[in-house]
Structures are given as C-alpha cells and as structure tokens.
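Numbered according to mature numbering (1 follows the signal peptide of the UniProt record, and there is no 0), the sequence shown spans residues -20 to -1, 1 to 228.
Working notes, structure below.
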Amino acid sequence: MNRIFFLTIIFTSALSGAFAQDSLITRSFNQYIHTDFGFGYRRNDLGALNTALKDFGYKPLNENFSTFSLSVGVSMKRFVFHSEASIFSASDASIGNNLKATVEGHSFGWAIGYSVVEKPKVRFYPYVGFQSAFSHLKVKDQTQVSGWNDLLDTPQRNFTLDFVSNSLDLGFQLERIIPIVNGRNDCPQNASFATVGIRAGYLLGLSKGKGEYNDQQINGAPRYAVQGPYMTLFIGYGTKLRRMNWKK
C-alpha cells in the first residue's frame, strides 16, 4: 500500500516538472475530444460483507482490487466532461471450511471537472461525478470429490450474490500532454495529441444494494456499495474539434 502511494508521488512529480514547457496543443478557448485506457488499484470497503461472513465463522474477503477502464471525454474551454466504464476484481481469499470467495464486477460513471491548472503540456483538474456499480460476491467450494457419483451426490456450495449500488465520485486528474506532429499529407489544422497521467479519488457509497440470487432478493443478505480510494494510471489520445464553415 505504501509502495503504491510512493510511486504515485514520483509519477505526479514527474508530470509536474513539465509545467514550464511550451506547446500549441492546450488552450482554454479550444474544444477537444479525448479517450484513454487505464489500469489501477482500488481499495473497496467490504465491511458489511465481512461482518456477514464473520457471523458464520468465516474469514474476511480481500479488499484490494485491480481495475481496468476506458474513458471518453470532451473538453470545452476549461470544463471537462468524461464518462468511464471499468471492470474490477480481487484475488480469491480462503475464507475457511474449504471455501474461497472474491468480489468482482463492472461499473459505469460520468463526471464533470474544471481545469484549475492548464499549461500547454500539463493539465490538472478536480472533478465530481456519479458511478453505478454491479458487484458479484462469488463463493467457490473447494471440497475434493472421488468421482462422478460423488460429485452428483455431494451438495456443492457454489453461488454468486449480486449487488447494484451507486456512489459519489470525488477525484482529480493530472495529465501530461504530448503533441503529435502532423505528417506531410495531414491537414495543417489538425491538433492531435497523446496523454499520459494519473486519476485518483474516493468513491463514497450513496445507495447500498441488497444481495440478490437468481434475480431474487435474499432475506437476511447484507447490503453493499462500492466505497473507498482508487488510483488509475492511463494513456490516451485526443484531437481538437474544428468548426467547419460551409459555403452557400
């Protein structure tokens, strides 16, 4: 955990060193569309699920998640609008009694930000957004069987419990902008660029979903919402939106 935040500080410092550089890409009066791919880390608070498991003598779940995401955004003056789809998963944890369990899922969200620092090659903006998550608690039975008959006759404790939740997304994005030089046959008005940066923040659970099995809410099942800090490293591509003047 400490290593991750130490690397984050180094990465952020390296990007910040570009503040004084010059370029023709980023200007507050321009409009851009951009997309990026990211991978990162998320710490999910699984307190409600772990408490429910502990009541039956089971060990806690793994709360460290890896994430992969795709984000698409539009910048208008200093305002930034972006949407994101991501998948997240944690490694299996042995919870006892020959059972392994994990939580995984996917989410969709959107956010709006405002560039408080907008240099030619670096941009920094805080944002606020909303995220809907579809999480799955998967429990796998590790009991060994001797054969086909034993497999059919032995009750298997494999099941998936589904949760739908909503979270408030509070975060910031720091990105390094790298101009892409036009080719000889490209339109001289093209203004494309690559980006590399970091996105970090905190998800605050707004509504907790009750566990469902086969689309049916289970009596006594715990309620859960995605909540906790996250960090994403990303690489992307963007281009300036040009206004076309049509002649009559």
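Cβ atoms here follow ideal geometry from the backbone N, Cα and C, with glycine treated the same way.
Computed from a predicted structure; not experimentally measured.
field: Minimum C-alpha distance to Asp149 - residue among Trp90, Lys80 and Ser46
entry: Trp90
task: Measure the Cβ-Cβ separation of Asp16 and Phe214 and say whether it is below 7 angstroms.
output: yes
task: Whole angstroms is fine: what's the gap from Phe19's alpha carbon to Gly127's?
output: 42 angstroms
message: Given 6 angstroms as the limit, tell me if Thr140 has its C-beta closer than that to any heavy atom belonging to the ligand GDP.
response: Because no ligand of any kind appears in the structure shown, any question about the ligand GDP cannot be addressed here.
- prompt: Among residues of its own chain, excluding the 5 on either side of Ser112, which ones have a beta-carbon nearer than 6 angstroms to its beta-carbon?
  reply: Phe88 and Asn146
task: Report, in whole angstroms, the separation of the C-beta atoms of Phe114 and Val144, which I expect to be a contact under 8 angstroms.
output: 6 angstroms
message: Nearest by alpha-carbon distance to Val203: which of Val108, Ala73, Gly37 and Lys188 is it?
response: Per the sequence presented here, residue 203 reads as Arg, with Val not at that position. Here the closest residue by C-alpha is Lys188.
- request: Could you pull out every unbroken beta strand (DSSP E) segment of at least 3 residues lying fully inside the region 86 to 133, listed in chain order?
  value: 102 to 121
field: Candidates Asn138, Leu29, Phe36 and Arg103, of which the one nearest Asn42 by Cα
entry: Leu29
message: Quick check on Leu29: does DSSP put it in helix, strand or coil?
response: helix
query: Among Gly218, Ser46, Pro159 and Phe36, which one has its Cα closest to the Cα of Pro209?
result: Ser46
- prompt: For Lys188, which three-state DSSP category applies?
  reply: coil
- prompt: Can you tell me whether DSSP reads Lys57 as helix, strand or coil?
  reply: coil
- prompt: Three-state secondary structure (DSSP) at Lys34?
  reply: helix
message: Can you tell me where the beta strand (DSSP E) holding Ile198 begins and where it ends?
response: Counting along the chain, Ile198 falls outside any beta strand (DSSP E), and DSSP gives it neither H nor E.
- request: Compare the beta carbon distance of Ala180 and Met211 with 7 angstroms and say whether it is the shorter of the two.
  value: yes
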